[in-house]
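Peer 1: First the structure, then my questions, so here it is.
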Amino acid sequence: MTHYDLFVIGAGSGGLAAAKNAAKYGKKVAIAESERVGGTCVLRGCVPKKIMTYAAGYADAFKEAKGYGFKNSYEFNFAEFAQKRNAEIDRLNGIHISLLEKSGVELIMGKAKFNSENSVEVNGKTYTADKFIIAVGGTPTVPSTQGAEHMITSDEVWNLNKLPQKMVIWGGGYIAVEFASIFQSLGTEVSIIIRRDLVLKGFDEDIRKHLQNEMEKRGIKFMKNATISNVECKTSDNKTVELDNGEKIECDVVLAATGRAPQTPDIGLETANIACNNKGYIDVSSHLLTSNANVYALGDVIGRVELTPVAIKHGRMVTNNLYGNLNQTVDDASPTAVFSSPPLGVVGLTEAESIEQFGTENIEIYTEEFRPMIHVLSERTERILMKMIVHKTKRTVLGLHMAGKDAAEIIQGFAVAVRAGLTKEQFDATVAIHPSSAEEFVLMKEPSR
Ligand code: NDP
7 MTHYDLFVIG AGSGGLAAAK NAAKYGKKVA IAESERVGGT CVLRGCVPKK
57 IMTYAAGYAD AFKEAKGYGF KNSYEFNFAE FAQKRNAEID RLNGIHISLL
107 EKSGVELIMG KAKFNSENSV EVNGKTYTAD KFIIAVGGTP TVPSTQGAEH
157 MITSDEVWNL NKLPQKMVIW GGGYIAVEFA SIFQSLGTEV SIIIRRDLVL
207 KGFDEDIRKH LQNEMEKRGI KFMKNATISN VECKTSDNKT VELDNGEKIE
257 CDVVLAATGR APQTPDIGLE TANIACNNKG YIDVSSHLLT SNANVYALGD
307 VIGRVELTPV AIKHGRMVTN NLYGNLNQTV DDASPTAVFS SPPLGVVGLT
357 EAESIEQFGT ENIEIYTEEF RPMIHVLSER TERILMKMIV HKTKRTVLGL
407 HMAGKDAAEI IQGFAVAVRA GLTKEQFDAT VAIHPSSAEE FVLMKEPSR
C-alpha cells in the first residue's frame with residue numbers, strides 16, 4: 007500500500023492544476039488517469055476546437071480577401087489539417103506529462119475507484135491518502151433516440167478524416183453553435199435542430215437573437231421547436247434524419263451536441279460516502295468539499311460552471327486552502343466566450359438577470375449595433391452587437407455582452423473592469439482606441455432603454 011498527502015483522480019485541467027500546486031508545497035502527490043493526460047479541454051475540447059476555429063477563420067478570410075483586391079482562391083485539404091491538428095494534441099499531451107514529471111507528481115495510468123472512505127484502487131493496487139480530489143470531468147450525452155448509434159458526439163468529431171458535405175447538428179448549446187460555425191465556414195452545409203426558438207439558453211436574449219440571425223445569414227439552417235425522432239443510415243456517408251414534425255434531412259454526419267453528464271459512475275462514490283445530486287453531479291460545499299471530509303471535487307464533475315479556467319482556479323483554490331492556510335470559497339461568476347461565427351464574449355449579468363436582481367426601473371441598457379470596418383470592403387454583411395447593462399443609481403456596469411469579431415479578446419480585458427465594479431462614468435472617462443470595435447464600450451452615450 008502506498009500513502010500520499012494528496013491523491014487526485016483525473017488528469018484534466020482541474021486535476022493537473024491541483025496536483026502540481028500541491029507538489030509546489032512539497033507534498034507527496036499522485037494523480038490517476040484512465041485515458042490520456044490532458045482531459046477534455048486539451049484532448050477533445052477547447053484546444054482542438056480552437057484550432058478548428060482558426061482554420062475556419064482562414065476560410066472566411068480567404069473569401070473576404072477578394073473585397074480587398076486579392077485574386078487567388080485557396081484549396082482546403084481537411085485530411086492534412088486534421089492530421090496536423092491531432093499531432094499538435096499529441097504534442098500537448100506529451101508536454102503535460104513532462105510537466106507532471108518535473109513537478110514531482112506521480113502519474114498512475116489506470117482507472118481509480120474508491121475501495122474505502124480513504125483509499126482507492128488502481129489496476130488492482132490500493133493507494134491511501136490524507137486527502138483526495140475528484141476531477142474526472144464529464145462526457146457527452148445523447149438522448150435515447152431511434153438511430154442514436156449513427157450519431158457522433160464532440161468526442162468522435164476528431165476522427166473525421168474528410169470534410170462532411172452535409173451535417174446535422176442536434177442541440178443549441180456552446181458545442182452546437184461552435185461546430186456549426188466551424189463546419190459552415192469550411193464548406194459544409196449545416197442544419198441545426200433546436201427544441202426551442204433560440205440557441206444558447208441562459209445567454210442574453212439580444213445576443214442570442216443576433217447570433218442566430220448572423221448564423222442564418224451565413225447559410226446555416228435552423229429547424230426550431232423540433233427534435234430528432236430517428237436517424238436512418240443507408241451508408242456511412244448517407245443518412246436520413248427524421249424530425250418529430252415529419253421533416254427529413256439527408257446528410258453524411260449527425261453530430262449530437264445535446265449536453266454532457268458527469269463521469270461519476272463506477273468510481274466507488276457510495277463506498278467512500280460521497281453524495282451526488284439527482285443528476286449525478288457530486289455535491290460540494292463552497293470550499294468544494296464533498297460529504298466525505300477528506301475528499302474534494304471540482305471541474306465538470308460538480309456541474310456548476312463547466313469551463314476550463316474555472317476548474318483550474320478551483321484546483322489551485324483547494325490546494326492553497328489545504329496547504330497554504332487560505333480560506334477561499336468558490337465564486338461562480340466568470341466571463342465566457344463562445345467561438346461561434348461571429349464569436350460571443352460575455353461578462354456579468356444578462357438583462358433578464360439584472361431585472362430579476364434589481365428591477366427594471368433600476369437598470370439602464372446601452373446597445374450599439376454596427377457593421378465593423380473590416381467588412382466594409384470584405385462585403386460580408388455581418389454586424390457587431392455590443393451591449394452594456396448599468397445599475398441606474400449605483401452606476402456600476404453589471405454586464406457586458408458582445409457578438410462580433412474578437413469578442414473573446416475584447417471581453418477578457420473589460421472583464422477586469424466589470425469584476426472591479428467600475429462605473430459607467432469610469433468607462434466613459436477612458437480614452438477610446440480608434441479605430442477599433444472595442445472603443446464602443448467607452449463611447450456609449452444614450453441608454454436605449
Ligand atoms: P449545453 O448544455 O451548453 O447545450 C446542450 C444543448 O442540447 C442545449 O441546446 C439543449 O437544449 C440541448 N438538449 C439537451 N437535451 C436535449 C434533448 N433531450 N433533446 C433535444 N435537445 C436537447 O451543452 P454542450 O454539450 O453544448 O456543452 C457542455 C458545456 O461545455 C457547456 O455548457 C460549456 O460549459 C462547456 N463548453 C464551453 C465552451 C467554451 O467555453 N467556449 C465550448 C464548448 C463547451 P435546451 O437549451 O433547450 O436545454
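Using the working numbering, the letters of the sequence shown correspond one by one to residues 7 to 455. We put the CB at the ideal spot given by N, CA and C, even for glycine. If you're wondering where the values come from, they're calculated on a predicted model, not measured in any experiment.
(1) Return the CA-CA distance between residue 93 and residue 102, expressed in angstroms with no decimal places.
(2) Locate the beta strand (DSSP E) running through residue 69, then write down its first and last residues.
(3) Going by beta carbon distance, what residues of the same chain come within less than 6 Å of residue 460, once the five residues before and after it are set aside?
(4) Who are the near neighbours of residue 34 in its chain, counting only those whose CB is closer than 6 Å to its CB and skipping five residues on each side?
(5) Could you check if residue 254 is buried or exposed, using at least 16 other CB atoms within 10 Å of its CB as the buried criterion?
(6) Counting C-beta neighbours from all protein chains within 10 Å, is the total for residue 133 16 or more, i.e. buried, or is it exposed?
(7) What does DSSP give as the partner residues of residue 267 in its beta bridges?
(8) Closer than 7 Å to a non-hydrogen atom of the ligand NDP - does that hold for the CB of residue 249?
(9) With a CB to CB cut of under 8 Å and the five nearest residues on each side skipped, what residues in its chain are close to residue 359?
(10) Ordered along the chain, which non-local residues of its own chain (more than five positions away) have a Cβ less than 6 Å from that of residue 171?
(11) Does the Cβ of residue 372 have 16 or more other Cβ atoms within 10 Å, making it buried, or fewer, making it exposed?
(12) The ligand NDP and residue 345: does the residue's C-beta get closer than 7 Å to at least one heavy atom of that ligand?
(13) Measuring straight from C-alpha to C-alpha, what distance separates residue 202 and residue 49?
(14) Compute the distance between the beta-carbons of residue 262 and residue 177, then report whether it is under 8 Å.
(15) With distance defined between alpha-carbon atoms, name the residue in 411, 293, 274 nearest to residue 128.
(16) Can residue 151 and residue 345 be called in contact, C-beta distance under 8 Å?
(17) Inspect the beta-carbon positions of residue 217 and residue 260 and report whether they are closer than 8 Å.
(18) Any heavy atom of the ligand NDP closer than 7 Å to the CB of residue 233?
(19) Is there at least one non-hydrogen atom of the ligand NDP closer than 7 Å to the beta-carbon of residue 74?
(20) Taking the straight line between their C-alpha atoms, what separation do you get for residue 43 and residue 73?
(21) For a quick check, are the C-beta atoms of residue 393 and residue 136 less than 8 Å apart?
(22) What is the DSSP secondary structure of residue 399, reduced to helix, strand or coil?
(23) Would you call residue 61 buried or exposed, if buried means 16 or more other Cβ atoms sit within 10 Å of its Cβ?
(24) Cβ atoms of residue 384 and residue 41: under 8 Å apart, would you say?
(25) Using the Cβ count rule (16 or more neighbours within 10 Å means buried), how would you classify residue 38?
(26) What first and last residue would you give for the alpha helix (DSSP H) that runs through residue 27?
(27) Just verifying my parser: in three-state terms, what is the DSSP assignment at residue 89?
(28) Quick one: using the 10 Å Cβ neighbour count with 16 as the cut-off for buried, is residue 441 buried or exposed?
(29) Any heavy atom of the ligand NDP inside 7 Å of the beta-carbon of residue 263?
(30) Measure from the alpha carbon of residue 311 to the alpha carbon of each residue in 194, 299, 342, 325, then state which is nearest.
(31) Could you name each continuous beta strand (DSSP E) segment of 3 residues or more that falls completely within the segment 237-305, going from the start of the chain to the end?
(32) DSSP three-state call for residue 314: helix, strand or coil?
(33) Which runs of the beta strand (DSSP E) fall wholly inside the segment 100-185 and span at least 3 residues, in chain order?
Peer 2: According to the data block:
(1) For this step, residue 93 is matched to residue 87 along the sequence shown. For this step, residue 102 is matched to residue 96 along the sequence shown. Approximately 14 Å between the Cα atoms of the pair.
(2) Taking the first residue of the sequence shown as position 1, residue 69 is located at position 63. Careful: residue 69 lies outside any beta strand (DSSP E), inside the alpha helix (DSSP H) at 52-71.
(3) Because the chain spans 7 through 455 in this model, residue 460 falls outside it and cannot be assessed.
(4) For this step, residue 34 is matched to residue 28 along the sequence shown. Contacts found: 10, 11.
(5) Reading the sequence shown from its first residue, position 248 is the one you call residue 254. Only exposed fits residue 254, as fewer than 16 other CB atoms lie within 10 angstroms of its CB.
(6) Working through the sequence shown from its first residue, we reach residue 133 at position 127. So residue 133 ends up on the buried side.
(7) For the purposes of this step, residue 267 is taken as the residue at position 261 of the sequence shown. Residue 267 is bridged to 145.
(8) As a first step, residue 249 must be located in the sequence shown, where it is residue number 243. Remark: the C-beta of residue 249 is outside contact range of the ligand NDP, defined as less than 7 Å to any heavy atom.
(9) Residue numbering aside, residue 359 sits at position 353 when the sequence shown is read from its first letter. Closer than 8 Å at Cβ, skipping near neighbours: 405.
(10) For the purposes of this step, residue 171 is taken as the residue at position 165 of the sequence shown. Once the five neighbours on either side are set aside, the close Cβ partners of residue 171 are 258.
(11) Numbered from its first residue, the sequence shown carries residue 372 at position 366. So residue 372 counts as buried.
(12) On the sequence shown, position 339 is the one that residue 345 refers to. Distances from the CB of residue 345 to the heavy atoms of the ligand NDP include at least one below 7 Å.
(13) By one-based count along the sequence shown, residue 202 stands at place 196. By one-based count along the sequence shown, residue 49 stands at place 43. Cα to Cα, the separation comes out at about 31 Å.
(14) For the purposes of this step, residue 262 is taken as residue 256 along the sequence shown, with counting starting at 1. For the purposes of this step, residue 177 is taken as residue 171 along the sequence shown, with counting starting at 1. Contact annotation: residue 262 and residue 177 have beta-carbon atoms nearer than 8 Å.
(15) For this step, residue 128 is matched to residue 122 along the sequence shown. It is 274 whose Cα lies nearest to the Cα of residue 128.
(16) Taking the sequence shown and counting its residues from 1, one reaches residue 151 at position 145. Taking the sequence shown and counting its residues from 1, one reaches residue 345 at position 339. No, the Cβ-Cβ distance between residue 151 and residue 345 is not below 8 Å.
(17) The residue you call residue 217 lines up with position 211 of the sequence shown. The residue you call residue 260 lines up with position 254 of the sequence shown. The answer is no: Cβ separation not under 8 Å.
(18) Taking the first residue of the sequence shown as 1, we reach residue 233 at position 227. For residue 233, the CB falls within less than 7 Å of some heavy atom of the ligand NDP.
(19) Start at 1 with the first residue of the sequence shown, and residue 74 comes out as number 68. For residue 74, the shortest C-beta to heavy atom distance toward the ligand NDP is 7 Å or greater.
(20) Residue mapping note: residue 43 aligns to position 37 of the sequence shown, counting from 1. Residue mapping note: residue 73 aligns to position 67 of the sequence shown, counting from 1. Cα-Cα distance, rounded: 44 Å.
(21) For this step, residue 393 is matched to residue 387 along the sequence shown. For this step, residue 136 is matched to residue 130 along the sequence shown. No; because the gap between Cβ atoms is not below 8 Å, this pair is not in contact.
(22) Reading the sequence shown from its first residue, position 393 is the one you call residue 399. Looking at residue 399 - three-state DSSP - the assignment turns out to be coil, as it is neither helix nor strand.
(23) Translated into positions along the sequence shown, residue 61 becomes position 55. The residue is buried, with at least 16 neighbouring Cβ atoms inside 10 Å.
(24) Reading the sequence shown from its first residue, position 35 is the one you call residue 41. Reading the sequence shown from its first residue, position 378 is the one you call residue 384. Result no, Cβ atoms of residue 41 and residue 384 do not sit closer than 8 Å.
(25) Here residue 38 corresponds to residue number 32 of the sequence shown, with the count starting at 1. Buried, by the Cβ-count rule.
(26) In the sequence shown, counting from the first residue as 1, residue 27 sits at position 21. For residue 27, the uninterrupted alpha helix (DSSP H) run begins and ends at 19-30, by DSSP.
(27) For the purposes of this step, residue 89 is taken as residue 83 along the sequence shown, with counting starting at 1. It is helical.
(28) Locating residue 441 in the sequence shown gives position 435, counting from the first residue. The residue in question, residue 441, is exposed, as its Cβ has fewer than 16 Cβ neighbours within 10 Å.
(29) Counted from its first residue, the sequence shown places residue 263 at position 257. Checking every heavy atom of the ligand NDP against the Cβ of residue 263, one is found closer than 7 Å.
(30) Counting from 1 along the sequence shown, the entry for residue 311 is found at position 305. Shortest Cα-Cα distance from residue 311 to any of 194, 299, 342, 325 involves 342.
(31) Runs of the beta strand (DSSP E) inside the segment 237-305: 244-249, 254-257, 259-262, 266-268, 301-303.
(32) Taking the sequence shown and counting its residues from 1, the one referred to as residue 314 is at position 308. Residue 314: helix per DSSP, three-state reduction.
(33) Whole beta strand (DSSP E) segments, 3+ residues: 112-115, 118-122, 125-128, 131-140, 144-146, 172-176.
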